[in-house]
Amino acid sequence: MTRTQLGRPVGASGEETRQRIIVATMRSVARVGYSRTTIREIARLANVTSASLYNYFPNKSELIKATIAARAEAAMPRLRRAAEGAGDIVDRIEAVLDECGALMREYPDLAAFEWAIRAENVIAPDRHGTGGFETFREIIENAVAKAHRRGELADHPDPRAVVEAIYALVYGLTELAATMAPADYQAALNSAKVLVRGTLFAKIS
């Protein structure tokens, strides 16, 4: 009986294997945290040998950096497009929240990974704009600045306060995505959209 060798699956390209390792890293960190994540466990989740993994990443630190960059590459362009879409500021923030929900469905380990690397101070703000919440704040700042120029913040004259409120909302939703069941997170996300629309609480006559 021939023993199956772990490594690059038959027909898989090097890039496919690399992406599988990155997904496995995100999953492992999301489950047990950065400090408890090991190369051996990542290799097991990615269905490669540890030796094969080292052909792609020389050490755990470089692997985590690549995974952090991959999460930004997956999320930030989509969130930026949503924030720059059609409609007024409410429409655009609602579009951003919808995109957040879509990302959490497509990448179920994304929020827990983000929370884990922040809890253990694995990352610092990225001056090149490829970070997570730092880049997201910049996206929101641009959207609110555009709304302010259009006169869409009539009842909220301080754009900085609006940015902080939106940032806090998304930050909190990300924590929920990292700690709650997907259905509960989606319910909270839907309520947040209602809140943004200003109709969460009915007026009492």
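Numbered per our numbering, the sequence shown spans residues 1 to 205.
In this text, a Cβ means the ideal position worked out from N, Cα and C, and glycines have one as well.
Remember, predicted model here, so these are calculated numbers, not experimental data.
What's the call for residue i, buried or exposed, on a 16-neighbour Cβ count within 10 Å?
{"i": "Leu79", "result": "buried"}
{"i": "Glu16", "result": "exposed"}
{"i": "Gly14", "result": "exposed"}
{"i": "Ala92", "result": "For the record, residue 92 in the displayed sequence is Arg; it is not Ala. Answer is buried; the Cβ neighbour count reaches 16."}
{"i": "Tyr171", "result": "exposed"}
{"i": "Ala102", "result": "exposed"}
{"i": "Asp109", "result": "buried"}
{"i": "Leu195", "result": "exposed"}
{"i": "Gly129", "result": "Confidence in Gly129 is poor, its pLDDT being 41 and thus under 50, which makes the residue's placement unreliable; the coordinate value appears in the next sentence. By the 10 Å Cβ count, Gly129 comes out exposed."}
{"i": "Arg27", "result": "buried"}
{"i": "Pro125", "result": "Unreliable positioning characterises Pro125 in this predicted model, as indicated by a pLDDT of 46, which lies under 50. A coordinate reading is not provided."}
{"i": "Arg127", "result": "Here Arg127 scores only 41 on pLDDT, less than 50, and its place in the model should not be relied on; the value that follows carries that caveat. Exposed, since its Cβ has fewer than 16 Cβ neighbours within 10 Å."}
{"i": "Glu120", "result": "exposed"}
{"i": "Glu62", "result": "exposed"}
What is the residue span of the alpha helix (DSSP H) that residue i lies within?
{"i": "Tyr78", "result": "The question names Tyr, yet the displayed sequence has Arg at residue 78. Here the alpha helix (DSSP H) through Arg78 covers Lys60 to Ala83."}
{"i": "Tyr167", "result": "Pro159 to Thr179"}
{"i": "Thr135", "result": "Phe133 to Arg149"}
{"i": "Ala24", "result": "Gly14 to Val32"}
{"i": "Leu113", "result": "According to the sequence displayed, residue 113 carries Phe and not Leu. Segment Leu110 to Ala119, the alpha helix (DSSP H) holding Phe113."}
{"i": "Glu99", "result": "Ile89 to Glu106"}
{"i": "Arg40", "result": "Ile39 to Ala46"}
{"i": "Ser35", "result": "Per DSSP, Ser35 belongs to no alpha helix (DSSP H) and is neither H nor E."}
{"i": "Tyr185", "result": "Pro182 to Val196"}
{"i": "Leu153", "result": "First-last for Leu153: undefined, no H or E at that position."}
{"i": "Ala51", "result": "Ser50 to Leu53"}
With distances taken Cα to Cα, identify the nearest neighbour of residue i among the options.
{"i": "Ala51", "options": "Leu97, Ile21 and Glu16", "result": "Ile21"}
{"i": "Ala46", "options": "Arg18, Ala30 and Ala161", "result": "Arg18"}
{"i": "Met180", "options": "Asp98, Met104, Ala86 and Tyr54", "result": "Met104"}
{"i": "Phe136", "options": "Val32, Asp158, Ile166 and Tyr185", "result": "Ile166"}
{"i": "Ala111", "options": "Tyr185, Thr199, Arg197 and Arg36", "result": "Tyr185"}
{"i": "Met76", "options": "Gly198, Gly151, Glu134 and Ala183", "result": "Glu134"}
{"i": "Glu164", "options": "Arg31, Glu141 and Ile42", "result": "Glu141"}
{"i": "Arg36", "options": "Thr49, Lys60 and Val23", "result": "Lys60"}
Using 8 angstroms as the threshold, is the C-beta distance between residue i and residue j below it?
{"i": "Ile64", "j": "Thr25", "result": "yes"}
{"i": "Val29", "j": "Ile117", "result": "yes"}
{"i": "Val122", "j": "Tyr56", "result": "no"}
{"i": "Ala192", "j": "Leu97", "result": "yes"}
{"i": "Ala86", "j": "Glu99", "result": "no"}
{"i": "Val162", "j": "Leu153", "result": "yes"}
Between residue i and the ligand FMN, is there a pair consisting of the residue's CB and a ligand heavy atom that are separated by less than 7 angstroms?
{"i": "Asn190", "result": "Within the structure as shown, the ligand FMN is missing, as the structure has no ligands at all."}
Tell me, to the nearest whole angstrom, how far the beta carbon of residue i is from that of residue j; I am working on the premise that it is less than 8 angstroms.
{"i": "Phe113", "j": "Arg71", "result": "7 angstroms"}
{"i": "Ala147", "j": "Ile89", "result": "4 angstroms"}
{"i": "Ala188", "j": "Leu169", "result": "The Cβ separation is near 10 angstroms, so there is no contact."}
{"i": "Pro159", "j": "Ala145", "result": "6 angstroms"}
{"i": "Ala69", "j": "Tyr107", "result": "Not really, about 14 angstroms apart at Cβ, beyond 8 angstroms."}
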